[in-house]
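First the structure, in the form of structure tokens, and then the observations on it.
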Amino acid sequence: MPNTSFELLGHSILPGKGMLLNLDIAKLHTGTKIEVPIIVQRGKKPGPVLLITGGIHGNEVNGVEIVRKLISKKYNRPVSGTVICIPVINIFGFLNQARPFPDGRDLNRMFPGSPRGSLASRFAYHLIKEIAPVVDYCIDYHTGGESRFNAPQTRINKGDEESMELAKVFGSPFIVLANTREKSFREALAKMGKKVLLFEGGKSLDINEKVTQTGIAGALRVMDHLGIRDFSEELELMEGKVLNPITIKSSQWVRAKYSGMFHPFVALGAKVKKGDLLGSVSDPFGNFERSIKATFTGHVICINQSPIINQGDAILHISQE
Numbered sequence: 017m018p019n020t021s022f023e024l025l026g027h028s029i030l031p032g033k034g035m036l037l038n039l040d041i042a043k044l045h046t047g048t049k050i051e052v053p054i055i056v057q058r059g060k061k062p063g064p065v066l067l068i069t070g071g072i073h074g075n076e077v078n079g080v081e082i083v084r085k086l087i088s089k090k091y092n093r094p095v096s097g098t099v100i101c102i103p104v105i106n107i108f109g110f111l112n113q114a115r116p117f118p119d120g121r122d123l124n125r126m127f128p129g130s131p132r133g134s135l136a137s138r139f140a141y142h143l144i145k146e147i148a149p150v151v152d153y154c155i156d157y158h159t160g161g162e163s164r165f166n167a168p169q170t171r172i173n174k175g176d177e178e179s180m181e182l183a184k185v186f187g188s189p190f191i192v193l194a195n196t197r198e199k200s201f202r203e204a205l206a207k208m209g210k211k212v213l214l215f216e217g218g219k220s221l222d223i224n225e226k227v228t229q230t231g232i233a234g235a236l237r238v239m240d241h242l243g244i245r246d247f248s249e250e251l252e253l254m255e256g257k258v259l260n261p262i263t264i265k266s267s268q269w270v271r272a273k274y275s276g277m278f279h280p281f282v283a284l285g286a287k288v289k290k291g292d293l294l295g296s297v298s299d300p301f302g303n304f305e306r307s308i309k310a311t312f313t314g315h316v317i318c319i320n321q322s323p324i325i326n327q328g329d330a331i332l333h334i335s336q337e
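Structure, rendered in structure tokens:
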């Protein structure tokens with residue numbers, strides 16, 4: 017991109033400058049505006065445009081925390097190119113500590129949206145039409161749903177070599193080859209030719225320091241790799257650098273055969289072998305306790321941390337080797 021004025025949402029941003037913008041496209045029934053703050057920082061030199069997002073699901077606060085820290089520590093200020101941060105896409109879901117948009121829909125299943133659709137669909141439309149066209153790369157931060165705690169992992173499309181290179185640079189413990197979900201933000205951006213890293217780590221309504229640090233370090237590595245800014249000194253001080261992430265091509269959920277109290281016996285990220293004891297389910301009255309054993313070998317990439325489960329609930333997500 018030439019080192020000239022950068023246009024976004026009707027505003028002109030000069031090289032070396034920053035601006036706080038608001039994406040304002042709809043109102044609630046109370047007349048309250050849906051305004052989503054967008055923080056834009058330009059470098060003095062030309063370079064790629066990186067979009068960093070969190071909170072597309074309003075209760076996934078760990079992603080919001082990662083983007084917040086990138087901004088508060090001024091890591092979002094590039095030397096080359098442009099960094100656009102949207103810490104909370106679903107601002108009303110965040111206020112309500114709930115996953116969906118105010119109209120009850122999952123915003124991440126509404127893309128590319130419609131100017132005449134539901135509230136969530138209209139918002140998705142404006143995000144794709146007004147923000148996405150200027151973007152080259154995107155890091156989208158998520159967490160596990162409800163009580164399901166995800167090991168830090170980067171999800172990319174199968175067969176996308178450039179995204180695989182970026183995922184390795186990001187350095188989360190696991191790279192999951194997962195095709196895009198229909199009508200998701202990642203699918204919409206991919207169809208526009210944008211490269212997207214979807215980071216999953218932690219669980220809803222929770223902030224985990226290890227997950228946060230993994231997400232921050234990954235963003236710095238990607239920005240360093242893209243020539244946006246040299247973060248070698250910052251990365252040298254950070255712990256837990258992963259040089260060889262484990263690539264997961266397929267995985268399977270272990271589901272509860274009984275309702276009761278769930279006791280996991282394995283650690284998140286651990287490798288288990290067929291026949292290993294994974295945990296147990298017991299009733300609250302001491303009448304029974306049923307063991308859960310691995311039926312295949314793989315790594316534990318998610319654990320349901322709910323102490324009470326129902327028959328059929330997903331309790332452990334394990335890669336298949």
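Under the numbering used here, the first residue of the sequence shown is numbered 17, with each subsequent residue one higher. No residue lacks a Cβ here, since even glycine has one placed at the ideal position from N, Cα and C. Owing to the predicted nature of the structure, the values given are computational and were not obtained by experimental measurement.
Minimum Cα-Cα distance from D119 among the listed residues N195, A42 and I82 corresponds to A42. Two segments are said to touch when three or more pairs of C-beta atoms, one from each, lie closer than 8 angstroms; by this definition the segment 167 to 174 touches the segment 213 to 221. By the neighbour-count criterion, in which 16 or more other beta carbons inside 10 Å mark a residue as buried, K174 falls on the exposed side. When C-beta atoms of the segment 274 to 281 are compared with those of the segment 323 to 333, three or more pairs fall below 8 angstroms, so the two segments count as touching.
The criterion of a C-beta distance shorter than 8 angstroms is not satisfied by D152 and V56. The DSSP-derived three-state label of D40 is strand. Sequence-distant partners of S307 (beyond 5 residues in either direction) whose C-beta falls short of 7 angstroms from its own C-beta, in its chain, are L293 and S296. Assigned with DSSP and collapsed to three states, P149 falls in helix. Listed as beta-bridge partners of L86 by DSSP are no residues whatsoever.
DSSP places N124 within a helical segment (H, G or I) once states are collapsed to three. The secondary-structure analysis by DSSP pairs S137 with nothing; it has no beta-bridge partner. If one requires a minimum length of 3 residues, the beta strand (DSSP E) runs lying completely within the segment 262 to 318 are 262 to 264, 267 to 271, 276 to 280, 293 to 298 and 305 to 309, in chain order. With 16 or more other Cβ atoms from the protein chains shown falling within 10 Å of its own Cβ, N75 counts as buried. Cβ-Cβ separation between I50 and F139: approximately 7 angstroms, consistent with a contact (criterion under 8 angstroms). Here A167 carries a strand assignment [DSSP, helix/strand/coil]. Annotation: the continuous alpha helix (DSSP H) that includes K226 extends over E225 to H241.
When C-alpha distances from V288 are compared across D299, G302, H333 and E305, the shortest belongs to H333. Your pair P94 and G129 does not check out as a contact, with CB atoms roughly 29 angstroms apart and the cut at 8 angstroms.
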